[in-house]
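There are 2 protein chains.
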Amino acid sequence: MAVTLKDIAEQAGVSQAAVSIALGSSGRISGTTRDRILKIATDLGYRPNLLVQGIQTGRTQTIGLLMNFASAFDAHLFDGIHNALSDQQYVPIVLCRDDDHGNVLEQIHSLLDRRVDGVLIRPTDGTVWEDHLEAILQRGVPVVALDVEIQAKMPQIDFCGTDDIHGAHTAAKHLLDLGHRRFGVLNSGDPRTPMSIRGQAFAEAVNATKGTTCVTQLSAWNGRTYENDGARALLDLTPRPTAIFGTSDNVAATVVHAADDRGLSVPDDLSVVGFSDTEILRSSRPTLTTMRQDPFEIGRRAAKMLLDRIDEKHNRTASPAPRQAVRQKTELVVRKSTAPPAGS
Amino acid sequence: MAVTLKDIAEQAGVSQAAVSIALGSSGRISGTTRDRILKIATDLGYRPNLLVQGIQTGRTQTIGLLMNFASAFDAHLFDGIHNALSDQQYVPIVLCRDDDHGNVLEQIHSLLDRRVDGVLIRPTDGTVWEDHLEAILQRGVPVVALDVEIQAKMPQIDFCGTDDIHGAHTAAKHLLDLGHRRFGVLNSGDPRTPMSIRGQAFAEAVNATKGTTCVTQLSAWNGRTYENDGARALLDLTPRPTAIFGTSDNVAATVVHAADDRGLSVPDDLSVVGFSDTEILRSSRPTLTTMRQDPFEIGRRAAKMLLDRIDEKHNRTASPAPRQAVRQKTELVVRKSTAPPAGS
DNA sequence: CTGAAAGCGCTTACAG
DNA sequence: CTGAAAGCGCTTACAG
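So the sequence lines, in the order shown, correspond to chains W and G.
Note that this note's numbering has the first sequence beginning at 719, numbered continuously upward.
Note that this note's numbering has the second sequence beginning at 719, numbered continuously upward.
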């Protein structure tokens, strides 16, 4: 069906090996025959079979991507990854946590069986990644963690994500500078997630100032949205916090809504800070003060790190570079949801 | 490195072909040796090389997926696809429109070169898909269109999406029943998109009732969010519409915001209906009346249709089934953004 | 019922 | 500088 090297070889009157070499980069074939072969290949619409090349060269130009999609943040992460990959003719096989078939190990094997050159993984949910990653590392397949750092900082696994601690400190400073002293933090469950890291860093930062209080609440994630319960609990405190740090824009939005339900005005009665600067919330009322992340750039950078590792593995020149952990800085975006506390 | 059939054959003292047959389904090997071979395979941790199997059998257990991610709707679409695929040990190579590398044809070749068994495609943006799809169809690779129907209804391309016309009619009926007669429709650019189809169907439905007016406006999509300009233009009409149909939840949200900016109350001064029932907007204020879609089910169904076509192709029993076009019904969800017009 | 051989479409040593 | 051969790890006719 498809055109093969053999077809070209027959038309050109040379061996199949000669065609393979002519089409390859290692200019081993004289200019004139080479041009002739190339022309025939083009005319016939030749396309290499990447499966065979993969077997032969040990490179499939394919990576595995393990991540879930829920928000616009995730979408941008993917766009960045896709952008870096397509620059180098790579494509991703994308697998996500599936409630019915939660077997991560099987997914990893599914990637390995297809001989992916590397794996990009966003290690969310409670999975014990350290165990599952064994299979990948044994095969010598590079792995990069995306957005969420793997708890046991394995020396073979690079990381690319956000400087959550710095971001949370900046948010804390913003609110402290405005004069706030009673804080609430709205967090999510898993201690490994960026959200938790932010929440802890925020609490540390405000606690370093005398005369402050800071109460942390958890917000339940039902798989699709956050519940309002955590936000309500914070607003029911006596005395009520004057400022609440939402560890993501989405939980921050639940605070705004809960305040609205109680007739509290943001920012007059309550200041709210989010984290991410997701576009979808840019039109929220009031507009949200937040720490801007650049998920596209995180995705792009992470994919590049992975591609570099893959190259490194094939050009066995020097010894491999040490583990890299890139943490991108966030930027404070002040909008209408923060103000000095009432009566200050 | 990896365990091969040869390794197993040596340990078992049989030929490599025997191992291949023993591991396959066609019980051609006697029970006792077969069990022995299976045990050795398990002990050695044998995993088949799917690249080789792909070359050999013509099936890679891999499909190509061409779609962009932006909203939660897209994420659910993907979840549904993933769910159906993983049921059958399939994985998707996911490619999306990339502003810098917009060459769809190259992406298609990139999939074909990797010998995907089928392609699932969401034919958004202005691309002339009919042309690009040639390359796929020539190879005999099945294609299913997802969510957006390809304009020229090619007989080889199945479709799975939403019954937009029925949904728009239902929305129109809801507002007409409430007593509205002056309508606005907020739409998006491309006439092939579901949004446009909904807008037209809505206008038709209300125009079928005497004494109604219906003005359509376009809302600009800046690649990440919708601008408010279209919504403002509708609110500036004299007389102002009493009800606006947003052809997606996101544009409906811009209407609510624009109304808010003008001090108009929803639903007292203005009724707004959305389309999709995206979770992220369930917490909007006021909560939005909308036509609920089930993107998970659309994705799942579309992927199943594709897998069926792939099977059909390999089990050349009967002649192929005719083109299928599945349009899922939507459900009207009445919330707080719709009410009878003022003064009625 | 089982083994030896051919073949899938390439690349890469190895001879001339 | 070029051709013929071997090999990647499988599956599937084809002989015994």
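A virtual CB, placed ideally from N, CA and C, is assigned to each residue, including glycine.
Computed from a predicted model, the values in this text were never measured in an experiment.
Between which two residues does the alpha helix (DSSP H) harbouring residue i extend?
i: proline 1013 (chain W); result: 1013-1032
i: leucine 718 (chain G); result: The requested residue 718 (chain G) is not part of the displayed model; chain G covers only 719 to 1062.
i: methionine 913 (chain W); result: 912-925
i: asparagine 801 (chain G); result: 790-805
i: leucine 756 (chain G); result: 749-762
i: valine 737 (chain W); result: 734-741
i: aspartate 849 (chain W); result: 847-856
i: alanine 730 (chain G); result: 723-730
Can you tell me where the beta strand (DSSP E) holding residue i begins and where it ends?
i: serine 1002 (chain W); result: First-last for serine 1002 (chain W): undefined, no H or E at that position.
i: alanine 1043 (chain G); result: 1043-1046
i: isoleucine 839 (chain W); result: 836-839
i: isoleucine 811 (chain G); result: 809-813
i: proline 781 (chain G); result: Correcting the residue identity first, residue 781 (chain G) is isoleucine in this sequence and not proline. Residues 780-784.
i: leucine 953 (chain G); result: It is not in any beta strand (DSSP E) - leucine 953 (chain G) instead sits in the alpha helix (DSSP H) that spans 947-953.
i: glutamine 935 (chain G); result: 931-936
i: valine 861 (chain G); result: 861-864
i: methionine 872 (chain W); result: Here methionine 872 (chain W) belongs to no beta strand (DSSP E), and DSSP marks it neither H nor E.
i: arginine 833 (chain W); result: Careful: arginine 833 (chain W) lies outside any beta strand (DSSP E) and carries neither H nor E.
i: arginine 1010 (chain W); result: 1007-1010
Identify the contact partners of residue i in chain W, using a Cβ-Cβ distance below 8 Å as the criterion.
i: arginine 1018 (chain G); result: Under the 8 Å cutoff, chain W gives no residues; its nearest Cβ is about 11 Å from arginine 1018 (chain G).
i: aspartate 987 (chain G); result: Residues of chain W passing the Cβ test: none, with the nearest at roughly 17 Å.
i: aspartate 978 (chain G); result: Arg1003
i: serine 1055 (chain G); result: Correct list: empty, because the minimum Cβ distance to chain W is about 15 Å.
i: aspartate 908 (chain G); result: None at all; the shortest Cβ gap to chain W is about 19 Å.
Is residue i helix, strand or coil when you go by DSSP?
i: serine 989 (chain G); result: strand
i: serine 983 (chain W); result: coil
i: threonine 880 (chain W); result: strand
i: threonine 965 (chain W); result: coil
i: valine 1052 (chain W); result: coil
i: glycine 902 (chain G); result: strand
i: threonine 996 (chain W); result: coil
i: threonine 943 (chain G); result: coil
i: threonine 972 (chain G); result: helix
i: leucine 960 (chain W); result: This sequence places threonine at residue 960 (chain W); leucine is not what is there. It is coil, neither helix nor strand.
i: threonine 888 (chain G); result: helix
i: aspartate 895 (chain G); result: helix
i: alanine 977 (chain W); result: helix
Kindly give me the distance between the Cβ atoms of residue i and residue j, rounded to whole angstroms, as I take these residues to be in contact under 8 Å.
i: alanine 889 (chain G); j: valine 991 (chain G); result: 5 Å
i: histidine 794 (chain G); j: cysteine 814 (chain W); result: Wrong, their Cβ atoms sit about 11 Å apart, outside the cutoff.
i: isoleucine 854 (chain G); j: leucine 830 (chain G); result: 7 Å
i: proline 860 (chain G); j: arginine 1027 (chain G); result: 4 Å
i: proline 959 (chain G); j: valine 933 (chain G); result: 7 Å
i: valine 812 (chain W); j: leucine 783 (chain W); result: 5 Å
i: glycine 917 (chain G); j: threonine 965 (chain G); result: 5 Å
i: phenylalanine 877 (chain G); j: alanine 863 (chain G); result: 5 Å
i: valine 1051 (chain W); j: threonine 1007 (chain W); result: 7 Å
i: isoleucine 1016 (chain W); j: aspartate 865 (chain W); result: 6 Å
i: threonine 927 (chain W); j: leucine 894 (chain W); result: 6 Å
i: leucine 953 (chain G); j: alanine 977 (chain G); result: 6 Å
At 7 Å on the CB atoms, spell out the chain G contacts of residue i, in chain order.
i: valine 812 (chain W); result: Pro810, Val812
i: serine 738 (chain W); result: Residues of chain G passing the Cβ test: none, with the nearest at roughly 16 Å.
i: alanine 1067 (chain W); result: Here chain W comprises residues numbered 719 to 1062, so residue 1067 (chain W) is not present and cannot be evaluated.
i: aspartate 881 (chain W); result: The contacting residues do not exist; aspartate 881 (chain W) stays about 23 Å from chain G at best.
Please list, in chain order, the chain G residues whose beta carbon lies closer than 9 Å to that of residue i.
i: arginine 765 (chain W); result: His827, Leu830, Asp831
i: aspartate 865 (chain W); result: Here the premise fails: no neighbours, minimum Cβ distance about 15 Å.
Could you list which residues in chain G have their beta carbon closer than 8 Å to that of residue i, in chain order?
i: threonine 780 (chain W); result: Ile811, Arg832
i: arginine 1027 (chain W); result: The contacting residues do not exist; arginine 1027 (chain W) stays about 18 Å from chain G at best.
i: isoleucine 773 (chain W); result: Asn767, Leu769, Val770, Ile773
In chain W, which residues lie with their C-beta within 7 Å of the C-beta of residue i?
i: aspartate 753 (chain G); result: In chain order: nothing, as chain W lies at least about 23 Å away.
i: threonine 722 (chain G); result: Here the premise fails: no neighbours, minimum Cβ distance about 12 Å.
i: arginine 942 (chain G); result: Glu997
i: alanine 788 (chain G); result: Ala790, Ala793
I want to verify the contact list: residues of chain W whose CB lies under 9 Å from the CB of residue i, in sequence order.
i: phenylalanine 1014 (chain G); result: Those do not exist, as phenylalanine 1014 (chain G) stays about 10 Å from chain W at its closest Cβ, beyond 9 Å.
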